[in-house]
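In this note's numbering, the protein residues as written are 670 to 1427.
Taking it in order: structure first as structure tokens, then the write-up.
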DNA sequence: AGGTATAGTAAA
DNA sequence: TTACTATACCTG
Ligand SMILES: [Zn+2]
Ligand SMILES: [Zn+2]
């Protein structure tokens, strides 16, 4: 690593894990001693490493796959270190069974990234590896099995004449084609007869051979670039100047300010140099539209990577990244681990989106690890958002990131006007104020579209007994069950349990059960009563469950003409609604008084993102925010000053209350059928952590959702002003935890930089 | 994780 | 007694 580069890395991730220094320090004593072993990373969720003997007849280098015995089974692992002094005695070591690769499947830089991730998130290396390596490579077949093959004539094939195929026109055709040049597998399969090929190979006239995947060849722009605004041009210049060095940028630009065009114009100069570009998106749903814009622009291969790919497609993308034949890869979280041959730039769109952090198992944040990767690769990284996270804004404030701002909408049109609708003075009709309904009518009459945002799917959040007030609850969670009218079920949105709608009250036996509260399914029904002539499109997880449903609903919305569009937060995620001129935010009051310190930030982002859907076409937009609390500081701030100013004051508040991003945090979670066991275990963790008084504790506390799927849930928060302090303590406490018998009786996990405090 | 030895328990 | 299931334990 170059000194300049290392400095920058520590800039963003200033910490030193105890494990890292243990692992990476070369042990010269071991080199001299007779017994040395190799350390292998194995796909098991264990926080230890495993060492093996390398039989003298075998040779292996770091980063190659090996097959090893493990208990009573065999596993494929990756050589992580050579010549280590084993941490168990010589007799306990088993020999490596086979070496699979001659050249590493994981390059050094990627191994460094994975080691870093395992240390930083205090997660077993084996599971980190599992997240990074395509499933097919974990099966242990040689790489050659997956590389493309081509066909050519053998010497005897070259010696024969066309006349020898007089009885088979198909064979003649293929043979003749091969006399001029070798043909790759795909060409032969698509243009020639399979049986002819088989016969020619049986006669040993044709043979197959392995080919290399060649780096891409850039053939220029496929469509002209758009004219940039002054702001956009500045942003492009700034990032271009950072080519070849690690430098993080934050691109803050309101919806419609042309962030994507900035991304697109950063790419050609890198393609000229043969470098690769990684574009990370928070959700699969955003890949199609992004793929379309990128592949339309460049005559170079643009690939996608996400969890819906088959194992084969995944490996293919992985190999193309490794060989340099992929120019641009557009992908979700785990694309971050692709083995690029020469990465020139990382772009993260919607960097504020919580989906960028994995919510189970290995809980990494793709944005944060991407910054680390950019540092290792010595390339710039650009984070884009209309509503940047407080983390990134703080990094700008601290001088770690360079902030680039796009102030105006690229089309020159005005930002939508935001108006609060005070519900206290109003008689509501189906949850809508008279004022909202009147303005909806007005826009629909003009042939415009109206969008309604309601972040609650289903028909109603619960059913209630009219006689005794009993509410339908989930048997296994401390939560009500949502009534879904269409599927005639009560569904628990926390554990997924469903049951038929009861005829009688569970408390008093009354049959007078009625829905309480309103979800999207109910609002849809009411809208078609209020506006019988207007088509309604509902976008939520239920209406888009069917394969292809999402795309067809989006297509519906792209049609001009009056339409009501209603949906959940799905509406906030980067899709274009060209004919929407009015957005009605039906009810977000629940989020105004949440206990989660991140709730205001998330609400601010959500409101701004939803509001941004108004007036992206030619018409000026308007946003109506219905609320019982029009005087609430957050709403006032957002309405009067916009997101940027709101975020500044929110960040100031975090500073004053000593919360992230101004402090570093980690969270222990515990889950068990017996509540006391969780509390007891977390108390043990808390007690141990008291040895470091500079790390503040909060808890053990019951989680906001006390019981989920039959298990009680507790958490313990840890906060520290300095990252190294916190991480050293975590390493120590984890070593301790593995010795406790209680640790095996409950399910526990550690969440570093936890975002979701549920 | 996943395989296995072992303890616990219901039927025959 | 056997047959099956829940649980503790271990992996180099
Ligand atoms: Zn439930
Ligand atoms: Zn009742």
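Idealized CB from N, CA, C, for every residue including glycine.
Query	Result
What residues in its chain sit with their C-beta under 8 Å from that of residue 1174, if we drop five residues either side in the sequence?	1134, 1136, 1137, 1139, 1180, 1181 and 1182
So residue 880 and residue 853 are in contact, right, with Cβ under 8 Å, and what is the actual spacing, rounded?	7 Å
Can you look up residue 986 in the DSSP assignment and give me helix, strand or coil?	helix
Residues in its own chain within less than 6 Å of residue 1187 by CB, not counting five upstream and five downstream?	1100
What would DSSP say about residue 826, mapped onto helix, strand or coil?	helix
For residue 1163, collect the residues of the same chain with a Cβ closer than 8 Å to its Cβ; drop the 5 residues on either side in sequence, then sort them by chain order.	1143, 1146, 1148, 1374, 1377 and 1378
Do you know offhand how far residue 1257's Cα is from residue 1208's?	17 Å
Would you call residue 1419 buried or exposed, if buried means 16 or more other Cβ atoms sit within 10 Å of its Cβ?	buried
Would the beta-carbon of residue 1246 fall within 9 Å of that of residue 1282?	yes
Suppose you measure from the CA of residue 1299 to the CA of residue 1045; what does that come to, to the nearest Å?	48 Å
Could you check where the alpha helix (DSSP H) with residue 1357 kicks off and where it finishes?	1344 to 1358
With a CB to CB cut of under 6 Å and the five nearest residues on each side skipped, what residues in its chain are close to residue 1091?	1299
Considering only residues of the same chain and omitting the five flanking positions on each side of residue 1436, which have a CB-CB separation below 7 Å?	This structure gives no information on residue 1436, because the portion of the chain shown stretches from 670 to 1427.
Are residue 1411 and residue 1321 touching if we call contact CB-CB under 9 Å?	no
Indicate the three-state DSSP secondary structure (helix, strand or coil) for residue 1129 in the structure shown.	strand
Could you check how far apart the C-beta atoms of residue 720 and residue 707 are, in whole angstroms? I think they sit under 8 Å.	7 Å
Taking the straight line between their C-alpha atoms, what separation do you get for residue 1236 and residue 1033?	29 Å
Could you compute how far the alpha carbon of residue 695 sits from the alpha carbon of residue 1417?	Residue placement at residue 695 is poorly supported in this model, since its pLDDT is 41, which falls under 50; the coordinates still yield a value, given next. Between residue 695 and residue 1417, the C-alpha separation is close to 33 Å.
Are there three or more Cβ pairs, one per stretch, closer than 8 Å when the segment 765 to 780 is compared with the segment 729 to 744?	yes
Given a cut-off of 9 Å, decide if residue 1240 and residue 1290 are closer than it, judged by their beta-carbon atoms.	no
When the Cα of residue 1074 is compared with those of 899, 1387 and 1206, which residue comes out closest?	899
Work out the CA separation of residue 973 and residue 892 for me, nearest whole Å.	21 Å
CB residue 1414 to CB residue 1341, shorter than 9 Å?	yes
Reducing DSSP to helix, strand and coil, say where residue 710 ends up.	strand
Just to confirm my understanding: we take residue 1367, look at its own chain, exclude 5 residues before and 5 after, and list those with CB closer than 6 Å. What are they?	1386
Touching or not, the segment 1012 to 1024 and the segment 947 to 961, by the rule of three or more beta carbon pairs under 8 Å?	yes
Taking the straight line between their C-alpha atoms, what separation do you get for residue 1066 and residue 1310?	19 Å
Got a sec: does ligand 1 put a non-hydrogen atom nearer than 8 Å to the Cβ of residue 1150?	yes
Can you name, in chain order, every residue of its own chain whose Cβ lies under 6 Å from the Cβ of residue 933, other than the five neighbours on each side?	966
Opposite residue 1227 in the DSSP bridges: which residues?	Looking at the DSSP assignment, residue 1227 forms no beta bridge with any residue, so it has no partner.
Per DSSP, which one or two residues make a beta bridge with residue 797?	Beta-bridge pairing links residue 797 to no other residue.
Counting only the same chain and skipping the five closest in sequence on each side, list residues whose C-beta sits under 7 Å from that of residue 905.	897, 931, 934 and 935
Sort 1371, 802 and 1402 by Cα distance to residue 1426 and report the nearest one.	1371
For the beta strand (DSSP E) that contains residue 1120, what are its first and last residues?	1118 to 1122
Rounded to the nearest angstrom, what separates residue 807 and residue 1170 at their Cα positions?	46 Å
Quick one: does the C-beta of residue 1176 sit closer than 8 Å to a heavy atom of ligand 2?	yes
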